[in-house]
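Notes to accompany the following structure.
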Amino acid sequence: MFDESGDVKLDADDKEVWKEHVLIDLGQDTIDLPKIGKVRWSRHRPMEGKPRSITLTLEGGQYYVSVTYEVEVPDPVFLTPFVAEGDAIRVDADLVHYLSDGLDFGVIRNWCDARGGVFDVPERRPGEDIRKLRLERGSGRQEEARKEREKEARERGLLPADQRLPQSKRQMRRRKNLAALAGRVKRRNRDAIHKFTTKKAKSHGLIGLEGLRIKNMTASAAGTAEDPGTNVAAKAALNREILGASPGFTKTLFRYKGDRFGCLVALVPPAYTSQYCSKCRRHPKDDAATRHLDHGRLSQADFVCPLCGHAMNADHNAAINIRYGALVLAGWLEDTETLERLRRLGARTVAEEKAEKAEKAGKLAARKAKAAATKATTLARKRLEKKTRILLGKAPEDSGISAVSPRSAQAAIREVEGASIRP
Ligand SMILES: [Zn+2]
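Start counting the sequence shown at 170; every next residue gets the next number (the working numbering).
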């Protein structure tokens, strides 16, 4: 797709130029696109490495050009708390503390870390809320007016039944503005999440995340006709908030940035992370003597341990528990009891996750190799059949070859041609 000079070449859809490449000039201020011509653009990043592909997208009324580069990435240095002491290796407790973090996801405070820090995905600004409301209201009004006009035109016989009256220019402009507003909010959120995850992954060697169950969290409250749910509107609003904060996207970013910047990511089962005490590490249900007590998560914001009296913000408490779970799953801390408990909740250690990921990658590579081999075999077989046909076609009528079955003809050709055409 690209030549060595770094100029971008694209395969065109047009069959006549299929074999030729179209040259795209990635200039500083302009980009020369096939069939479109020179377009002004603003380039946000320097070009590094070899360009591989180019994608043009339309989002929120604006065009985006994204160029994929191939770059050599050195293996990251994973930050660990293991230090050599003579011949032995010891775990440095201070390093364990500094290099690890846990993140709790919530709706009120989006991400809370084990040090009490909070990251909120930016919401729409107050002015934008008003603007969105106005645009939506106006857009709805215009749509109603359009339908009214459409109805009238039909009644007068001016508009065939299978045709719609087009939107007015002002209606289209309003919808475009709405899309632009939504696009701006989305880009701002994504940018903030990118910065947050990069900073966290670069400065830590281990991050604990809840193995979020977004599907469960955002399950509809509507229920069924026989069994209607309660608080449907409130739950729908909550779902919008959860999805607006993009926990799944954030998690995906952490997983790939962890690999890139050298930070392990441990997935801690979300059950009970907000109910355990982060100080005494106990839950009343763990012991028969305290089983009758309620857990310490008193409200959305408050945690007070019924066993040791420790009180702190509930999200912060959960984040510390998630970090603790991550330490155990990563083997930075030995606590067989917690490890077994987490395992019962379906957790896997960081090493197991890594092994599974490697196995998956291996399987994928094997599948790809197999597919390539199958393709090569099919191609070779097709070539062989073609040769057989040519041979049979060329054979003089009295030679008797046409009477030979294709199978034995193939065998004969194989013998003649040897390994060269054998798949
Ligand atoms: Zn406690």
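The C-beta atom is built at its ideal place from N, Cα and C for all residues, glycine as well.
**Item:** For M216, three-class secondary structure by DSSP
**Value:** Residue mapping note: residue 216 aligns to position 47 of the sequence shown, counting from 1. Three-state DSSP puts M216 in coil, outside helix and strand.
**Request:** Verify the contact flag: C449, CB atom, against every heavy atom of ligand 1, threshold strictly below 7 Å.
**Result:** As a working mapping, residue 449 is identified with position 280 in the sequence shown. Yes, the Cβ of C449 comes within 7 Å of a heavy atom of ligand 1.
**Prompt:** Under 7 Å from any heavy atom of ligand 1, does the C-beta of L476 make it?
**Reply:** Numbered from its first residue, the sequence shown carries residue 476 at position 307. Yes.
**Message:** For G275 and F472, what's the separation of their Cα atoms in angstroms?
**Reply:** Mapped onto the sequence shown, residue 275 falls at position 106. Mapped onto the sequence shown, residue 472 falls at position 303. If you take the alpha carbons of G275 and F472, they lie about 15 Å apart.
**Item:** Pair within 8 Å by beta-carbon distance, A488 and F423
**Value:** Locating residue 488 in the sequence shown gives position 319, where the first residue counts as 1. Locating residue 423 in the sequence shown gives position 254, where the first residue counts as 1. Against a cut-off of 8 Å, the Cβ pair of F423 and A488 comes out as no contact.
**Request:** Rounded to whole angstroms, what's the CA-CA distance from L498 to K426? Just pull it up for me.
**Result:** Taking the sequence shown and counting its residues from 1, the one referred to as residue 498 is at position 329. Taking the sequence shown and counting its residues from 1, the one referred to as residue 426 is at position 257. If you take the alpha carbons of L498 and K426, they lie about 19 Å apart.
**Item:** Chain-order list of residues whose beta-carbon lies under 7 Å from that of F418 (same chain, five-residue window excluded)
**Value:** Counting from 1 along the sequence shown, the entry for residue 418 is found at position 249. The answer, listed in chain order, is I362.
**Request:** Report yes if the CB atom of F247 is closer than 8 Å to the CB atom of G431, and no otherwise.
**Result:** Taking the first residue of the sequence shown as 1, we reach residue 247 at position 78. Taking the first residue of the sequence shown as 1, we reach residue 431 at position 262. Contact: yes.
**Message:** Check whether the region 302-315 and the region 500-516 are in contact - that is, three or more C-beta pairs closer than 8 Å.
**Reply:** no
**Prompt:** Heavy atom of ligand 1 less than 7 Å from the Cβ of H479, yes or no?
**Reply:** Start at 1 with the first residue of the sequence shown, and residue 479 comes out as number 310. Yes, the Cβ of H479 comes within 7 Å of a heavy atom of ligand 1.
**Prompt:** How about C446: is its Cβ closer than 7 Å to a heavy atom in ligand 1?
**Reply:** Here residue 446 corresponds to residue number 277 of the sequence shown, with the count starting at 1. C446: yes, Cβ under 7 Å from ligand 1.
**Request:** Could you tell me the boundaries of the beta strand (DSSP E) in which G206 lies?
**Result:** Position 37 of the sequence shown, counting from 1, holds the residue named residue 206. Residues 206-209.
**Exposure label - C477; buried when at least 16 CB within 10 Å** = Position 308 of the sequence shown, counting from 1, holds the residue named residue 477. It is exposed - the Cβ of C477 has fewer than 16 other Cβ atoms within 10 Å.
**Asked** In terms of residue numbering, what span does the beta strand (DSSP E) encompassing S269 cover?
**Response** Here residue 269 corresponds to residue number 100 of the sequence shown, with the count starting at 1. Unbroken beta strand (DSSP E) run through S269: 269-274.
**Asked** Does DSSP put A283 in a helix, a strand or coil?
**Response** Here residue 283 corresponds to residue number 114 of the sequence shown, with the count starting at 1. Three-state result, A283: coil.
**Prompt:** When the Cα atoms are used, what is the spatial distance from E228 to D504?
**Reply:** As a position in the sequence shown, residue 228 is number 59, starting the count at 1. As a position in the sequence shown, residue 504 is number 335, starting the count at 1. Approximately 49 Å between the Cα atoms of the pair.
**Request:** Mark C449 as exposed unless 16 or more other C-beta atoms lie within 10 angstroms of its C-beta, in which case mark it buried.
**Result:** Sequence index remark: in the sequence shown, residue 449 carries index 280 (1-based). Answer is exposed; the Cβ neighbour count stays below 16.
**Request:** Quick one: residues in its chain with C-beta nearer than 7 Å to the C-beta of R622, no 5 flanking neighbours on either side, listed in chain order?
**Result:** Nothing about residue 622 can be read from this structure; the chain reaches only from 170 to 592.
**Prompt:** Roughly how many angstroms separate the alpha carbons of R357 and A257, rounded to a whole number?
**Reply:** Taking the sequence shown and counting its residues from 1, one reaches residue 357 at position 188. Taking the sequence shown and counting its residues from 1, one reaches residue 257 at position 88. Roughly 49 Å between the two C-alpha positions.
**Prompt:** If you drop the 5 nearest sequence neighbours on each side, which residues of the same chain put their C-beta closer than 6 Å to that of V354?
**Reply:** Within the sequence shown, the letter at position 185 stands for residue 354. Result list for V354: R293, in chain order.
**Request:** Name the two residues that bound the continuous beta strand (DSSP E) containing T237.
**Result:** Position 68 of the sequence shown, counting from 1, holds the residue named residue 237. From DSSP, the beta strand (DSSP E) with T237 extends over 231-239.
**the region 285-301 / the region 340-353 touching (three or more Cβ pairs under 8 Å)** = yes
**Message:** Measuring only the C-alpha atoms, how far is V208 from T226?
**Reply:** Locating residue 208 in the sequence shown gives position 39, where the first residue counts as 1. Locating residue 226 in the sequence shown gives position 57, where the first residue counts as 1. So the alpha carbons of these two residues sit roughly 14 Å apart.
**Asked** Could you give the uninterrupted runs of the alpha helix (DSSP H) lying entirely in the region 478-506, keeping only those of 4 residues or more?
**Response** 483-499
**Message:** Here's the rule: buried if 16 or more other CB atoms are within 10 angstroms of the residue's CB, otherwise exposed. What is S415?
**Reply:** By one-based count along the sequence shown, residue 415 stands at place 246. When all chains shown are included, S415 counts as buried.
**Message:** Can you check which of these residues, K454, T442, H213, L462, is closest to C281 by C-alpha distance?
**Reply:** Counting from one through the sequence shown, the residue named residue 281 turns up at place 112. Here the closest residue by C-alpha is T442.
**Asked** Rounded to whole angstroms, how far is the Cβ of L268 from the Cβ of L375, which I believe are closer than 8 Å?
**Response** Position 99 of the sequence shown, counting from 1, holds the residue named residue 268. Position 206 of the sequence shown, counting from 1, holds the residue named residue 375. Right, their Cβ atoms sit about 6 Å apart.
**Item:** the region 209-218 contacting the region 337-345, beta-carbon criterion three pairs below 8 Å
**Value:** no
**Asked** Once you ignore the five residues that flank R598 on each side, which residues in its own chain have a CB closer than 6 Å to its CB?
**Response** Within the shown structure, residues of the chain are numbered from 170 to 592, placing residue 598 beyond reach of any answer.
**Prompt:** If you check the beta carbons only, do V437 and E379 fall under 8 Å apart?
**Reply:** In the sequence shown, the residue the question calls residue 437 occupies position 268. In the sequence shown, the residue the question calls residue 379 occupies position 210. For V437 and E379, yes; Cβs fall inside 8 Å.
**Asked** Which of the three DSSP states, helix, strand or coil, is assigned to S372?
**Response** On the sequence shown, position 203 is the one that residue 372 refers to. Reduced to three states, the DSSP call for S372 is helix.
**Item:** Between the CA atoms of M481 and Y493 - distance to the nearest angstrom
**Value:** Here residue 493 is taken as the residue at index 324 of the sequence shown, counted from 1. Here residue 481 is taken as the residue at index 312 of the sequence shown, counted from 1. Between Y493 and M481, the C-alpha separation is close to 16 Å.
**Message:** Output needed for D484: all residues of its chain with C-beta closer than 7 Å, excluding positions within five of it in sequence on either side, in chain order.
**Reply:** Taking the sequence shown and counting its residues from 1, the one referred to as residue 484 is at position 315. Within the same chain, D484 has close Cβ partners D273, G275, R278, C281.
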